[in-house]
Amino acid sequence: MDIPHDDLFAAIDELKRARNAIILAHYYQEGDIQDVADYVGDSLGLSRQAAETDADVIVFAGVHFMAETAKILNPDKIVVLPDLEAGCSLADACPPDRFQAFKDAHPGHKVVSYINCSAAVKAMSDVICTSSNAADVVRLFPDGEKIIFAPDRNLGAYVQRETGRDLVLWPGTCQVHEIFSEKKLVQLKVRHPGAAVIAHPECEPHILRHADHIGSTSQLLSFVVEDPRDTFIVVTESGILHQMQKAAPNKNLIAAPPEGNCACNECPHMRRNTLEKLYLALLNLKPAIEVPEEVRVAALKPLTRMLARDLAAA
Ligand code: 13P
Ligand code: SF4
3 MDIPHDDLFA AIDELKRARN AIILAHYYQE GDIQDVADYV GDSLGLSRQA
53 AETDADVIVF AGVHFMAETA KILNPDKIVV LPDLEAGCSL ADACPPDRFQ
103 AFKDAHPGHK VVSYINCSAA VKAMSDVICT SSNAADVVRL FPDGEKIIFA
153 PDRNLGAYVQ RETGRDLVLW PGTCQVHEIF SEKKLVQLKV RHPGAAVIAH
203 PECEPHILRH ADHIGSTSQL LSFVVEDPRD TFIVVTESGI LHQMQKAAPN
253 KNLIAAPPEG NCACNECPHM RRNTLEKLYL ALLNLKPAIE VPEEVRVAAL
303 KPLTRMLARD LAAA
């Protein structure tokens, strides 16, 4: 398949118009993809955009569970993911059959699931949350309600600390956020005493205890823009630095390093997508996401509950 290397941006723009398509990109995508997108955001913002768009085609530059969420909300639209193999360690850590057994072992519990899970796990949940609203979603339930929180044990533990609720946690983790080095973070803090440490709640508790601010990717971005400090140590996937630099060009941003010498603060799943694959997905309308109708209808209910809560709170 020929790819127009001279001006891929213009070719994508032209195809997008011809297809009446919208490109939604997560902050963890490479910079070029963020620049070609109609909307760049966190999981919550992207779900809202997917729920509201009147485009015929959604190109989801993110990972599988995100594109799947867009399809759950838009069964009649074509939803394509540039690389179908773009998964997520959290979604993979929670296979539906094992999760059903876990639920059976905890009768009488409500289920709050982080959006980073499969459609089948969403379908077994009472309500979905994202990292922007997880504590507020848990507070929807009365004090004393028994709640399972899945699949991120770190986000779940953070929500426990924030809400004072006792949650039963599924033991999943994000392979990117669990690997930040506390030793290197402390060294950075010593070298930059005026810097603010900002971290995503998917990080391990021993990392979060060093944070001046904890939030979803868009909450971290807003913090960098609004906080008067000029230096920020950013403890999340490094793709977010692209938008931070654009939104706050005079601020000094330092990506927190992982253990070892790998580039493990880049999500290998997110980074499977490239501008070339995005172009081909628009051209061929493939790979397209499909969700069995029975699962989709069951997954839509907890997802709509979150989006409705969010609208009411706005
Ligand atoms: P948010 O988009 O909610 O910040 O979550 C980050 C993430 O890891 C998405 O996979
Ligand atoms: Fe999943 Fe972590 Fe990658 Fe987000 S950064 S998609 S949670 S593996």
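Quick note on the working numbering: the sequence shown kicks off at 3 and runs consecutively.
C-beta atoms are modelled at their ideal positions from N, C-alpha and C, and glycine is treated no differently.
If you're wondering where the values come from, they're calculated on a predicted model, not measured in any experiment.
Item: Exposed unless 16 or more other CB atoms sit within 10 angstroms - verdict on Cys264; Value: exposed
Item: Simplified DSSP state of Lys79, which is helix, strand or coil; Value: coil
Item: Contacting residues, own chain, Cβ-Cβ under 6 Å from Asn22 (five flanking each side not counted); Value: Ala57 and Asp58
Item: Check whether Pro260 and Leu86 have beta carbons under 8 Å apart; Value: no
Item: Through-space distance from Val227 to Ala250, alpha-carbon basis; Value: 6 Å
Item: Per-residue DSSP class, three states only, for Val66; Value: Reading off the sequence, residue 66 comes out as His, not Val. His66: helix per DSSP, three-state reduction.
Item: Three-state secondary structure (DSSP) of Ala121; Value: helix
Item: Own chain partners of Met272 with C-beta closer than 8 Å, once the 5 adjacent residues on each side are dropped; Value: His28, Tyr30, Gln31, Gly64, Val65, Ala88, Glu239 and Gly241
Item: Contact under 8 Å by Cβ, Val123 with Cys269; Value: no
Item: Rounded separation between Lys253 and Arg193 - CA only; Value: 17 Å
Item: Beta-bridge pairing of Tyr375 - partner residues as DSSP gives them; Value: As shown, the chain starts at 3 and ends at 316. That puts residue 375 outside it, with no answer to give.
Item: CB contact flag (Glu278, Ile5, <8 Å); Value: yes
Item: Unbroken beta strand (DSSP E) run spanning Thr276, endpoints; Value: Unbroken run through Thr276: none, as it is neither H nor E.
Item: Within 8 Å, strictly: CB atoms of Val140 and Val161; Value: yes
Item: Bounding residues of the alpha helix (DSSP H) (the contiguous stretch that carries Ala159); Value: Arg155 to Thr165
Item: Contact test: His271 Cβ vs the ligand SF4 heavy atom, cutoff 7 Å; Value: yes
Item: Cys90: CB within 7 Å of a non-hydrogen atom of the ligand SF4; Value: yes
Item: Beta-bridge pairing of Phe234 - partner residues as DSSP gives them; Value: Ala198 and Leu255
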